[in-house]
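Residue numbers (this note's numbering): 10 to 367. Inspection log for the structure reproduced underneath, given as C-alpha cells.
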Ligand SMILES: [Zn+2]
C-alpha cells in the first residue's frame, strides 16, 4: 500500500477514535486521548514511521504527504486540547455542585475567647489612672537587690526585709517582691522642673509564700506614685477615695488606719466600707463593716533622696494594691488559685459580664 493510502486510512481511523473517545467519561477520556497521542506521535509512533518513509517517496508526492502528516498531528493536538478543556469544565461543575451551601442548615457555634478577668480589671484601673493624668510604666521582673530593697529604704540587715520572703537568684539578683523598683527607676529619670511625676507601675511580683486560698507565690501589683511640690496626705486620701468608689461603687467610703511600711512615713492601711452589707456587718467584712483593700503613705524622705529627689522641696504619696485581692473582693471570688488554674467553668462566669461592658 502506498504511503498516501496508509496515511488517509490513518486519518479516517483517527476521526473515528476521537469520536469514540468523546463518548467516554471525563477521566477515561483524558487517558484515552493521551494513549492515542503516544500511539501516533510517540518515539515508535505511526507518524514517526511515516516521516521516515517520506524520504523514499516520489518528489511529486512529498508535498501531499507532508500536508497529510501535518493534518493528522493537528487533529490529535486539537483533540487533546479540547479534551483538557472539557475535563476541567466537568471538574469545576462537580466542585460547584459539592460546595453548594445549604443556607437552611443550622450554624455551628463559634466559641470565642475573652480577656482574663484579671487583665480586664487591670485595664479598667489603668484607664482610670490615665484619665487622671498618670503614666503607666513597666519594669523588669528580675531585679537587683539595690532597686527592690535598697532604694526603698530597706538596707541589708533591715528587719522589715523579712516581711517579704524573697526568691534570690544570686546574692544581688532576685525576683522582685514589689513593683516599687520601677518607681525608683522612673524617679531617677524624671525631670521635675518640667512638672510632677504621676505614675502607676503594674506587673507581676514574687514572694516565697505557700500557695493557699489567699496567698500565691506570684501575684500582680499596681503601685502608684505622685511627686510634686506641696503634695499632702489630703491628696492621697482624695485619690484613694476615687479608686475605692471606681472599683466598689459610688456609695463607698474609706478609712485610714496607721500602719508601717519602710518606704512611707506616715503609712496607712486603707479600708473600704463593706459593699456586701453597706457597713451592717457580714461574713465578707468579718462583722466589722470594713474591708482592708490596700496600703499607702507619704513617700519616705530617704526614698526621695536615694532617687535624687530633693526632699526639702518635693513630697509625694504612694500606694500599692494587689490586683487579685481587688478582683476577689469585687467579684466575690473565694480562692486566689482560681485565677491561675484556667478552669473554663470559672473563667466563663465573667464572660457575659465582660461582653456587657464591651
Ligand atoms: Zn460586710
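Quick reminder that beta carbons are idealized off the backbone N, C-alpha and C, glycines included.
Query - Cβ neighbour criterion (16 or more within 10 Å) applied to residue 229 - result: buried
Query raised in the report: If residue 325 and residue 252 are in contact, beta carbons under 8 Å, what's the gap, nearest whole angstrom?
Result: At roughly 17 Å, the Cβ-Cβ gap does not stay under 8 Å, so residue 325 and residue 252 are not in contact.
Query raised in the report: Can you tell which of 96, 201 and 157 has its C-alpha closest to the C-alpha of residue 322?
Result: Nearest of 96, 201 and 157 to residue 322, Cα basis: 201.
Query raised in the report: So, is residue 317 buried or exposed, given that buried needs 16 or more other C-beta atoms within 10 angstroms?
Result: exposed
Requested in this report: Could you name each continuous beta strand (DSSP E) segment of 3 residues or more that falls completely within the stretch 249-302, going from the start of the chain to the end?
Outcome: 263-270 and 273-282
Query raised in the report: If we ignore side chains and look at the alpha-carbon of each, how far apart do residue 178 and residue 226 end up?
Result: 15 Å
Query raised in the report: What number of angstroms, rounded off, separates the C-alpha of residue 304 from the C-alpha of residue 221?
Result: 21 Å
Query raised in the report: For residue 327 versus residue 302, is the C-beta spacing smaller than 8 Å?
Result: Result no, Cβ atoms of residue 327 and residue 302 do not sit closer than 8 Å.
**Report entry** Rounded separation between residue 379 and residue 256 - CA only
**Finding:** There is simply no residue 379 to check, as the chain begins at 10 and stops at 367 in what is shown.
Query - Inter-stretch contact (C-beta, 8 Å, three-pair minimum) for the stretch 116-131 and the stretch 333-350 - result: yes
Query raised in the report: In its own chain, which residues sit with a C-beta less than 7 Å from the C-beta of residue 46, not counting the 5 before and 5 after it?
Result: 85 and 89
Query - Alpha-carbon spacing of residue 271 relative to residue 263, whole angstroms - result: So the two alpha carbons sit approximately 23 Å from each other.
Report task. Apply the 10 Å Cβ neighbour rule to residue 76 and answer buried if 16 or more other Cβ atoms are within range, or exposed otherwise. Result -> Within 10 angstroms of the beta-carbon of residue 76 lie fewer than 16 other beta-carbons, which makes it exposed.
Query raised in the report: For residue 229, which beta-bridge partners are listed by DSSP?
Result: 213
Query raised in the report: The alpha helix (DSSP H) spanning residue 75 covers which residue range?
Result: Taken as a continuous stretch (DSSP letters only), the alpha helix (DSSP H) holding residue 75 covers 71-107.
Query raised in the report: How far does the beta strand (DSSP E) with residue 152 in it reach, from first residue to last?
Result: 151-153
Report task. Would you check whether ligand 1 has a heavy atom nearer than 7 Å to the C-beta of residue 293? Result -> yes
Requested in this report: Within the same chain, show all residues whose beta-carbon is closer than 6 Å to that of residue 367, passing over the 5 residues directly before and after it, in chain order.
Outcome: Because residue 367 sits at a pLDDT of 47, beneath the cut-off of 50, its placement in the model cannot be relied upon, and the following sentence gives the value as read from the coordinates. No residues qualify anywhere along the chain.
Requested in this report: Give every residue of the same chain whose Cβ lies closer than 7 Å to the Cβ of residue 170, excluding the five residues on either side of it in the sequence, and list them in chain order.
Outcome: Cβ contact annotation for residue 170 (same chain, cutoff 7 Å, sequence separation greater than five): 158 and 163, in chain order.
**Report entry** Three-state secondary structure (DSSP) of residue 13
**Finding:** Correct three-state label for residue 13: helix.
Query raised in the report: Which term fits residue 134, buried or exposed, when burial requires 16 or more other beta carbons within 10 angstroms of its beta carbon?
Result: buried
Query raised in the report: Residues in its own chain within less than 7 Å of residue 33 by CB, not counting five upstream and five downstream?
Result: 41
Query raised in the report: Going along the chain, which unbroken runs of the alpha helix (DSSP H) with 4 or more residues stay wholly within the stretch 110-150?
Result: 126-140
Query - Distance between beta carbons of residue 183 and residue 195, contact taken as under 8 Å - result: No, residue 195 and residue 183 are not in contact; Cβ-Cβ is about 20 Å, not under 8 Å.
Query - Through-space distance from residue 59 to residue 78, alpha-carbon basis - result: 8 Å
Requested in this report: Report the three-state DSSP secondary structure of residue 328 (helix, strand or coil).
Outcome: Three-state DSSP puts residue 328 in a strand.
Report task. Go through its chain and collect everything with a Cβ distance to residue 258's Cβ below 6 Å, but skip five positions before and after it. Result -> 284
Query raised in the report: What separation, rounded to the nearest whole angstrom, lies between the Cα atoms of residue 311 and residue 320?
Result: 8 Å
Query - Of the listed residues 188, 213 and 234, nearest to residue 207 (C-alpha basis) - result: 234
Requested in this report: Quickly, what does DSSP pair residue 7 with across the bridge? List them, please.
Outcome: The chain is shown only over 10 to 367; residue 7 falls outside these bounds and no answer can be derived.
Query raised in the report: Residue range of the beta strand (DSSP E) that residue 182 falls in?
Result: 182-184
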